[in-house]
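Numbering (the working numbering), first residue to last: 66 to 434.
Using N, Cα and C, we set each Cβ at its ideal position, and we do this for glycine too.
A quick write-up on the structure given underneath.
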Ligand code: GCU
């Protein structure tokens with residue numbers, strides 16, 4: 066099916082039909098929405114470990130080619146009450162100068178899409194660049210089964226890979242917060258494609274995250290189930306090829322996406338009022354650029370309700386799927402704006418599709434408090 070358009074569910078109505086009127090109502094509604102989305106779509110979330118311990122493995126000398134930054138290697142060891150555990154490597158580039166510094170964290174080390182050029186640019190802006198490899202938490206290979214990584218730590222739980230990777234972001238943040246050079250108020254996360262789906266989930270879960278950057282994240286990310294643009298990936302496409310990312314309870318909704326009790330604007334709204342940028346590409350039709358625009362507008366209603374309309378942005382570039390230098394630059398401009406008030410050189414709310422009708426007919430209620 067090429068086109069499928071249905072009204073997006075109203076974020077401001079509880080499941081029992083009661084309206085959201087106040088910010089306190091929204092906080093309760095947010096938890097209701099969060100638990101529903103996490104449970105149904107992602108198979109729940111792995112628990113917080115009983116302990117997170119950081120081993121210092123190496124601090125390099127200042128590196129000339131990275132503006133004299135040092136490269137730090139840590140092992141993050143997470144343990145459960147009964148002594149089971151998992152560990153992974155976290156690296157960061159530490160800029161020269163007086164900290165504490167804001168941080169750009171990505172778990173996409175498996176894709177090596179953070180070029181030296183980008184790292185240098187982020188360092189020049191005065192940020193720490195932190196990297197871990199989310200596939201150390203659970204592999205990105207379906208055939209690997211569940212007898213591995215974090216799945217083996219919690220064999221009784223049914224969380225999918227996206228939840229496990231998002232959990233990895235949270236543990237990386239636990240570790241970063243043990244480092245004196247880190248500004249705890251200024252942690253941004255960024256990921257591409259399935260990594261973009263992951264950071265949306267991490268941002269929805271972890272309020273320590275100040276800015277989320279989801280790049281070309283598509284179905285199960287910033288996309289939309291009720292608004293499938295031409296040639297965009299459907300729930301069926303995504304679940305057939307990558308069932309291990311999700312919860313099998315989503316399967317009955319294949320072909321009945323309009324019956325889902327949520328859509329992806331709900332996931333975005335969970336991040337509010339913290340900052341969120343979705344980055345899209347006009348020719349990346351598989352990632353549903355028009356549907357992503359719909360979820361952006363609908364989620365913005367929540368930001369508007371909370372008085373933080375400027376904290377949600379979207380940016381479209383020419384071309385296809387990829388985490389390009391242009392994407393990184395747009396993201397860094399957004400982060401500089403959100404964290405430091407530096408006026409951006411571009412608009413993050415420009416309408417990329419002025420002729421599209423709206424996928425929803427409700428709006429943020431007037432606040433009743
Ligand atoms: C596939 C998948 C997408 C995903 C992408 C990626 O194309 O269908 O949902 O975003 O891989 O992660 O690169």
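- In the structure shown, the three-state DSSP call for residue 378 is strand.
- Distances from the CB of residue 296 to the heavy atoms of the ligand GCU are all 7 Å or more.
- Between the ligand GCU and the CB of residue 258, the shortest heavy atom gap is smaller than 7 Å.
- A distance criterion of 7 Å places the beta-carbon of residue 283 in contact range of the ligand GCU, judged by its closest non-hydrogen atom.
- The segment 405-420 makes no contact with the segment 267-275; the number of CB pairs closer than 8 Å stays below 3.
- In this structure, residue 198 has its CB at a distance of at least 7 Å from all heavy atoms of the ligand GCU.
- Residue 354 counts as buried, since at least 16 other C-beta atoms from the protein chains shown sit within 10 angstroms of its C-beta.
- Residue 93 is not a Cβ neighbour of residue 335, given a cutoff of 8 Å.
- Counting along the chain, the unbroken alpha helix (DSSP H) around residue 103 starts and ends at 88-107.
- Its chain contains 338 as the residues whose beta carbon lies nearer than 6 Å to that of residue 373, once the 5 sequence neighbours on both sides are disregarded; these appear in chain order.
- For residue 158, the uninterrupted beta strand (DSSP E) segment begins and ends at 150-159.
- For the pair residue 333 and residue 342, the CB atoms are not nearer than the 8 Å cut-off.
- Assignment of beta-bridge partners to residue 173 by DSSP yields 198.
- Its Cα nearest to that of residue 130, the residue 184 stands out among 109, 184 and 417.
- Ranked by how close their Cα comes to the Cα of residue 186, the residues 145, 110, 368 and 394 have 394 in first place.
- Taking the Cα positions, residue 350 is about 13 Å away from residue 344.
- Residue 292 is bridged by DSSP to 70.
- Annotated three-state conformation of residue 411 is coil, per DSSP.
- Straight through space, the alpha carbons of residue 203 and residue 172 are spaced by roughly 12 Å.
- Not one heavy atom of the ligand GCU sits closer than 7 Å to the Cβ of residue 230.
- Scanning its chain for C-beta atoms nearer than 7 Å, with the 5 sequence neighbours on each side dropped, one finds around residue 95 the residues 335, in chain order.
- Leaving aside the five residues that flank residue 213 on each side, the residues in its chain whose CB is nearer than 8 Å to its CB run, in chain order, 203 and 204.
- Between the alpha carbons of residue 118 and residue 411 lies a distance of about 41 Å.
- With contacts defined by Cβ atoms closer than 8 Å, residue 168 and residue 247 form a contacting pair.
- With 16 or more other CB atoms across the displayed protein chains lying within 10 angstroms of its CB, residue 257 is buried.
- Around the Cβ of residue 128, a 10 Å sphere holds fewer than 16 other Cβ atoms; the residue is exposed.
- Here residue 221 is exposed, its C-beta having fewer than 16 other C-beta atoms within 10 Å.
- No Cβ-Cβ contact shorter than 8 Å links residue 371 with residue 142.
- Distance between residue 397 and residue 414, taken at the CA atoms: about 16 Å.
- By the neighbour-count definition (other C-beta atoms within 10 Å, threshold 16), residue 189 is an exposed residue.
- In the DSSP assignment, residue 255 falls outside any alpha helix (DSSP H) and lies within the beta strand (DSSP E) extending over 247-257.
- Each residue's CA atom was taken as its position, placing residue 389 and residue 264 some 17 Å apart.
- Taking the Cβ of residue 305 as the reference point, every heavy atom of the ligand GCU lies at 7 Å or farther away.
- Look at the beta carbons and you see the segment 231-247 touching the segment 149-157: at least three pairs across the two are nearer than 8 Å.
- A residue is called buried once 16 or more other Cβ atoms fall within 10 Å of its Cβ, and residue 250, having fewer, is exposed.
- Taken in chain order, the complete beta strand (DSSP E) segments of 3 or more residues contained in the segment 181-227 are 193-197.
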